[in-house]
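K.L.:
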Amino acid sequence: MIASRTDAGTPGNPVEAFSPEHWMEEALSLARQAQARGEVPVGAVVIKDNAIIGRGGNAPIAANDPTAHAEIAALREAARALGNYRLPDCDLYVTIEPCAMCAGAILHARIRRLVFGARDPKTGACGSVVDLFAERRLNHHATVTGDVAGEACGRLLSEFFVARRP
Numbered sequence: 387m388i389a390s391r392t393d394a395g396t397p398g399n400p401v402e403a404f405s406p407e408h409w410m411e412e413a414l415s416l417a418r419q420a421q422a423r424g425e426v427p428v429g430a431v432v433i434k435d436n437a438i439i440g441r442g443g444n445a446p447i448a449a450n451d452p453t454a455h456a457e458i459a460a461l462r463e464a465a466r467a468l469g470n471y472r473l474p475d476c477d478l479y480v481t482i483e484p485c486a487m488c489a490g491a492i493l494h495a496r497i498r499r500l501v502f503g504a505r506d507p508k509t510g511a512c513g514s515v516v517d518l519f520a521e522r523r524l525n526h527h528a529t530v531t532g533d534v535a536g537e538a539c540g541r542l543l544s545e546f547f548v549a550r551r552p
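Each residue of the sequence shown is one higher than the one before, starting from 387 at the first, in this note's numbering.
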């Protein structure tokens, strides 16, 4: 895939699209920022045409808001950037398997592709606990790819929770 970018090299020169690992590293950077704020380290980015149009880091603790997940923040920013709540030509990268709430938002936004890092055996809604993306009765289906940089994403979460437990 070739996309035009203006943030690196010569403006407007076509460059090869970034790899899923590149975008996951962007999400991991946001997860580390969330961790530095005392939040569970989860980060997410929304990609359209080889560029980030939405970013999010977990913020439920600081915001006193149970919906302030990284995925929701990234989707909101992307929707504002495009002036549309539907994001059919966009991909979402997130460091952990989305929960049911976030999976629902991803489906409502009509995200084309979801890429996540670590699996979530407690609340994952992409196959670990339930799989909303496999539900045939829904009117939208995204392509789902898991375990991209899964070890690094999982390690960040594990280290966070180990440090919080006495």
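Backbone N, C-alpha and C define an ideal beta-carbon position, used for all residues, glycine too.
Could you give the distance in angstroms between the alpha-carbon of Ala-520 and the alpha-carbon of Gly-513?
P.N.:
C-alpha separation (whole angstroms): 8 Å.
K.L.:
Is there contact here, the region 479-487 with the region 498-515, by at least three beta-carbon pairs under 8 Å?
P.N.:
The region 479-487, when compared against the region 498-515, does touch it at the 8 Å Cβ threshold.
K.L.:
Have a look at the DSSP bridge pairing and note the partners of Val-431.
P.N.:
According to DSSP, Val-431 bridges with Arg-441 and Tyr-479.
K.L.:
What residues in its chain sit with their C-beta under 6 Å from that of Ala-489, if we drop five residues either side in the sequence?
P.N.:
Taken in chain order, the residues that qualify are Ala-511 and Leu-518.
K.L.:
Considering Cα atoms alone, identify which of Ala-437, Gly-442, Asp-435 and Ala-403 is closest to Leu-414.
P.N.:
The option with the nearest alpha carbon to Leu-414 is Gly-442.
K.L.:
Enumerate in chain order the residues of its own chain whose CB-to-CB distance from Gly-365 is below 6 Å, with the five nearest sequence positions on each side excluded.
P.N.:
Any answer about residue 365 is impossible in this case: the structure gives the chain only from 387 up to 552.
K.L.:
So, helix, strand or coil for Ala-389, using DSSP?
P.N.:
Note that Ala-389 scores 34 on pLDDT, short of 50, meaning its location in the model is unreliable and no value can be drawn from it.
K.L.:
Assuming Leu-580 contacts Pro-427 (C-beta within less than 8 Å), just tell me the rounded distance between them.
P.N.:
As shown, the chain starts at 387 and ends at 552. That puts residue 580 outside it, with no answer to give.
K.L.:
Which residues in the same chain as Ala-467 place their Cβ atom closer than 8 Å to its Cβ, once the five residues preceding and following it in sequence are excluded?
P.N.:
These residues qualify, in order along the chain: Ile-439 and Gly-440.
K.L.:
Does DSSP put Leu-500 in a helix, a strand or coil?
P.N.:
Residue state, collapsed to three classes: strand.
K.L.:
Taking the alpha-carbon positions, what's the Arg-447 to Asp-506 distance?
P.N.:
What sits at residue 447 in the sequence shown is Ile, not Arg. Each residue's Cα considered, the two are about 20 Å apart.
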